[in-house]
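For reference, the structure is listed below as structure tokens.
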Amino acid sequence: MKLQALLVPILAWSPTTAQNTSMPIPNGGTLVPADNTSYSGNIAPIPWHTRPEVYDHTGAAVRHGRARLNSIRMHYYTAGSGPPLLLVHGTPKTNYYWYKLVPLLSQHFTIVAPDLRGFGYTDKPGAESGYDSTSNAHDLAGLMGLLGFEKFHVHGEDRGAEFAYVLAATHPSRILTLSFGEMLLSGFALDEYAQFNEANVMAQYTARGVWLWHIPFFYLANVPEMLLAGKEDAFWTYFMESECFNPVALSREAVAEWTRAAKGPGGLRGILETYRAGLVNGAFDFTYPVFFYMARCFRN
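Be aware that the sequence shown starts at 225, since it is given in the working numbering, and climbs by one per residue.
Listed below in structure tokens is the structure:
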């Protein structure tokens, strides 16, 4: 059983149609063609068209694009029409995660599904370059602004749920509804995670019955990179199956796509730095009451 939470609708709003063309934006951001391949200053993604496709409810392929914002170029796709719904994937996945939900949701919403900073077909800047929740929230808010969506629904899963939560906390006037699942919020929730600091993370190595084993492992500098290089297929397949209540539900195609992205240039960077930024995320200051409920226990 996994963590789930929900915030009720905040503001009423009428939908706006997304723009998916190349155009300058007044605030300095830019929507760029999906096939533009020039990069500078960080590791560039491989072309999005080498990955399996996602389809909407009509059977049409989703619309791909890239947005230049906050010193990165973010890959995203859109589908459907109606009120905008931002979908935020977790680790170690990409926006392909939503391939089974898009055909269901695109009948009712304009879907926007980005690859997060450091993941998939989005740029992978250096370790010091904004893998914390607040920086990711600014990326997401910027993307939706570039696409013309001032107000929108947002759903996140796993680490993307934390980014979605902070997005709602830092841009409350823009969020219509927030829903998220499969996530322990840094500094909030289970006792182990509520005290998310370096000493407690490392203490898990000596605790009996360690179940958040990946947290201290990914936190170590350079060690995961050395041990996982060349073993991405076996490791990430095991990791995702062990985190899943029913591993049969994971399609081989999806797992292959996520492990392929992890094996690409800089592919481990976003995954590991996102976890390492948990110490920054845990310091997030909640200044207002929050209704929160969760499972009594988690299944490994």
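Ideal Cβ positions, reconstructed from N, Cα and C, are used throughout, including at glycine.
Within the region 317 to 393, the complete alpha helix (DSSP H) segments of 4 residues or longer fall at 326 to 329 and 357 to 370, listed in chain order. Here Y389 is not near V336, since their CB atoms are 9 Å or more apart. Taking C-alpha positions only, P448 is separated from F441 by approximately 7 Å. Apart from the 5 residues on each side of it in sequence, H332 sits with its Cβ closer than 6 Å to the Cβ of G306 in its chain, given in chain order. According to the DSSP assignment, P308 belongs to the beta strand (DSSP E) that extends over P308 to V312. When beta bridges are read from the DSSP output, L474 appears opposite no residue. With contacts defined as CB atoms closer than 9 Å, P316 and A485 qualify as a contacting pair. When the five nearest sequence neighbours on each side are left out, the beta carbons in the same chain lying within less than 8 Å of the beta carbon of L364 are those of L310, V312, P338, V378, F387, A388 and L391, in order along the chain. With a cutoff of 9 Å on beta-carbon distance, M368 and G384 are scored as not near each other. For A291, the enclosing beta strand (DSSP E) stretches over residues R287 to L293. Under DSSP, T302 forms a beta bridge with R287 and V336. When the beta-carbon positions are compared, T483 and T498 stay at least 9 Å from each other.
CA-CA distance, Y443 to G491, rounds to 16 Å. Here T358 is not near R290, since their CB atoms are 9 Å or more apart. I399 is bridged by DSSP to F376.
Apart from the 5 residues on each side of it in sequence, D382 sits with its Cβ closer than 8 Å to the Cβ of H313, G314, T315, K317, E406 and M407 in its chain, given in chain order. Beta-bridge annotation (DSSP): I296 is paired with L293.
From the listed residues R493, I399 and G502, the smallest Cα separation to E374 is found for I399.
Note: Y279 is bridge-paired with A285 in the DSSP secondary-structure output.
W482 carries a helical assignment under DSSP once its states are collapsed to helix, strand and coil. When secondary structure is reduced to three states using DSSP, K487 falls in the helix class.
Taking C-alpha positions only, Y323 is separated from L402 by approximately 20 Å. In the structure shown, F469 adopts coil according to DSSP, grouped into three states.
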